[in-house]
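Have a look at the structure below before the remarks.
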Amino acid sequence: MLSLPTHISQQCRDCQERNEVTCWVLVDGGTRPDLIGRIIRGSLQEVACPRCSQIHRLELPVLVFRQETSPTLVFSPSRAMNDAENSSRRDQLIRILKTQIETFELRAGPDGKRNAPLGYKWQASWAESIATVGRAELGLYLSQSLEREKLGLIHFRERGDVQRAVDAARSIVETTRSYFGSDDLEYATALNNFGVVLNEAGLFADAASAHREALNIIRSS
Ligand SMILES: [Zn+2]
Numbered sequence: 006m007l008s009l010p011t012h013i014s015q016q017c018r019d020c021q022e023r024n025e026v027t028c029w030v031l032v033d034g035g036t037r038p039d040l041i042g043r044i045i046r047g048s049l050q051e052v053a054c055p056r057c058s059q060i061h062r063l064e065l066p067v068l069v070f071r072q073e074t075s076p077t078l079v080f081s082p083s084r085a086m087n088d089a090e091n092s093s094r095r096d097q098l099i100r101i102l103k104t105q106i107e108t109f110e111l112r113a114g115p116d117g118k119r120n121a122p123l124g125y126k127w128q129a130s131w132a133e134s135i136a137t138v139g140r141a142e143l144g145l146y147l148s149q150s151l152e153r154e155k156l157g158l159i160h161f162r163e164r165g166d167v168q169r170a171v172d173a174a175r176s177i178v179e180t181t182r183s184y185f186g187s188d189d190l191e192y193a194t195a196l197n198n199f200g201v202v203l204n205e206a207g208l209f210a211d212a213a214s215a216h217r218e219a220l221n222i223i224r225s226s
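Numbering-wise (our numbering), the sequence shown opens with residue 6 and increments by one.
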């Protein structure tokens, strides 16, 4: 909801046709984890030519907002712009985000009280503690929480901490699904690992039952 695409005019390298294309410049990870997945894959600002379908990778400054994470704001400048242009674009994106959040705050909820439907409240400290991350490192930077979860899973399995290993494995499947979707290989791998961990917990007659249960748990979540 808070995520924002921008429309720019772009000439296709292949067919030379000039078209208006849509490119994401503001990403709210809370409501659009799939866009975080696209950043991790490096495809956030890939746009297809409407005429010949050629994929073009753009590089516009992007602001990422993650309510539950510190730092809450991450800005990635464009290598195609100079520092002044990037700073100006960063400040503009922060203002847009702030306005959107404040608009939500002011909107009355179902109980008639002023509230923020998304639970967001703008904090000045977010802009002060903004992280600036180069485009080449941005995907890795944003995938760090997933990487930490994976390390946690290894740690709990090694220690024989069955319950926490099960919780970690499940959480990895859910995070992977929200980032990449359920058709993704990364998701299939995480789901398989969840089945393996459930089987290790010894609650099922065999591995096949554990894998079936893993799928059932995830489907119902
Ligand atoms: Zn084209």
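A virtual CB, placed ideally from N, CA and C, is assigned to each residue, including glycine. Since this is a predicted model, take the numbers as computed values, not measurements.
Assuming contact is defined by CB atoms lying nearer than 8 Å, are residue i and residue j in contact in what I supplied?
i	j	result
ALA195	ILE177	yes
ALA136	VAL79	yes
LEU102	LEU68	yes
VAL32	ILE44	yes
ARG140	ARG100	no
PRO76	ARG95	no
ARG71	GLY47	no
ARG169	PHE161	yes
LEU9	SER81	no
Is residue i a contact residue of ligand 2, with contact defined as CB to any heavy atom under 7 Å?
i	result
CYS28	Although ligand 2 was asked about, the structure shown includes only ligand 1 as ligands.
Take residue i and list the residues in its own chain whose beta-carbon comes closer than 7 Å to its own, dropping the five residues that flank it on each side.
i	result
PHE185	GLY42, GLU191 and TYR192
GLN105	LEU7
ASN204	ALA212 and ALA215
CYS28	PRO10, THR11, ILE13, GLN50, VAL52, LEU63 and LEU65
ALA173	GLU154, GLY157, LEU158 and PHE161
What's the gap between the Cα of residue i and the Cα of residue j?
i	j	result
ASN120	PHE109	Because ASN120 carries a pLDDT of 49, less than 50, the predicted location of this residue cannot be relied on, and the following value inherits that uncertainty. One C-alpha to the other measures close to 7 Å.
GLU163	GLN97	48 Å
LEU156	TYR125	30 Å
GLN16	LEU40	24 Å
SER93	ARG224	44 Å
ILE159	ARG175	13 Å
ASN197	ASP189	12 Å
SER171	PRO38	The sequence given here has Val at residue 171, not Ser. Answer to the nearest angstrom: the Cα atoms are 23 Å apart.
GLY117	THR74	Its pLDDT being 49, under 50, GLY117 is placed unreliably by the model, and the measurement read from it follows with that caveat. Answer to the nearest angstrom: the Cα atoms are 30 Å apart.
VAL167	PHE209	14 Å
Looking only at its chain, what residues have a beta carbon closer than 6 Å to the beta carbon of residue i, apart from the 5 residues adjacent to it on each side?
i	result
LEU151	THR180
TRP127	LYS103, ILE106 and GLU107
GLU22	ARG56
HIS61	VAL52
Using the DSSP secondary-structure output, state which residues sit across from residue i in a beta bridge.
i	result
GLU25	SER14
GLU51	ARG62
ALA136	VAL79
LEU9	LEU31
LEU68	LEU31 and PHE80
What does a CB cutoff of less than 8 Å around residue i pick up in its chain, not counting 5 residues either side in sequence?
i	result
ASP19	CYS54, CYS57 and GLN59
At least one CB of chain C closer than 8 Å to the CB of residue i: is that the case?
i	result
ALA129	Among the protein chains of the structure shown there is no chain C, as only one such chain exists.
Quiz item: Can you pull every residue whose C-beta falls closer than 6 Å to some heavy atom of ligand 1, listed in chain order?
Solution: CYS17, ASP19, CYS20, GLU22, CYS54, ARG56, CYS57 and GLN59
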